[in-house]
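Right, one structure below, let's go through it.
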Amino acid sequence: MAASGLPRAAAAAGTAVKPIFSRDMNEAKRRVRELYRAWYREVPNTVNLFQLDISVKQGRDKVREMFLKNAHVADPRVVDLLVIKGKMELEETINVWKQRTHIMRFFHETEAPRPKDFLSKFYIGHDP
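Counting from 4, one number per residue, gives the positions in the sequence shown under my numbering.
Okay, structure coming up:
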């Protein structure tokens, strides 16, 4: 008897999911835009405060790249989680809880990955 109720409970749990913050995708998009604007405004302060070797335009381009990396996400709950993580990163940056190297790590992601196989290393000129 209990075994027959298990599939119904699993089906009910899969259909009714409680939202984190946003009720629908439009509200989630509004939160993303607010976060993007906050990051966009904070880039000049961050460049000056941490004395980064990048321009403000490069910083803003990197912010745009990081947001566009998750542009394909369509679930409002996942968008909310990404917004929460983005707000935490912003707070850590504003309060100078990060160091210069933590911020510069974002800019090393765009570098080409080092080759792993012998022939690619040989062609590029890396030592094996």
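From the three backbone atoms N, C-alpha and C, an ideal C-beta is built for every residue, glycine too. Model, not experiment: these values are computed from the prediction.
Give a yes or no on whether the C-beta atoms belonging to residue i and residue j are separated by under 8 Å.
i: ILE23; j: ASP83; result: yes
i: VAL86; j: ARG40; result: no
i: GLY89; j: LEU55; result: no
i: LEU42; j: VAL59; result: It is Trp, not Leu, that sits at residue 42 in the sequence shown. No, these two residues do not count as a Cβ contact at 8 Å.
i: THR49; j: THR96; result: yes
i: LEU122; j: GLU45; result: no
Would you mind sorting residue i into buried or exposed? The rule is 16 or more other CB atoms within 10 Å of its CB.
i: LEU71; result: exposed
i: ILE127; result: exposed
Check residue i in the structure and name its three-state DSSP category.
i: PHE53; result: coil
i: PRO22; result: coil
i: SER58; result: coil
i: ARG117; result: coil
i: LYS72; result: coil
i: ASP64; result: helix
i: TRP42; result: helix
i: ASN98; result: coil
i: ALA31; result: helix
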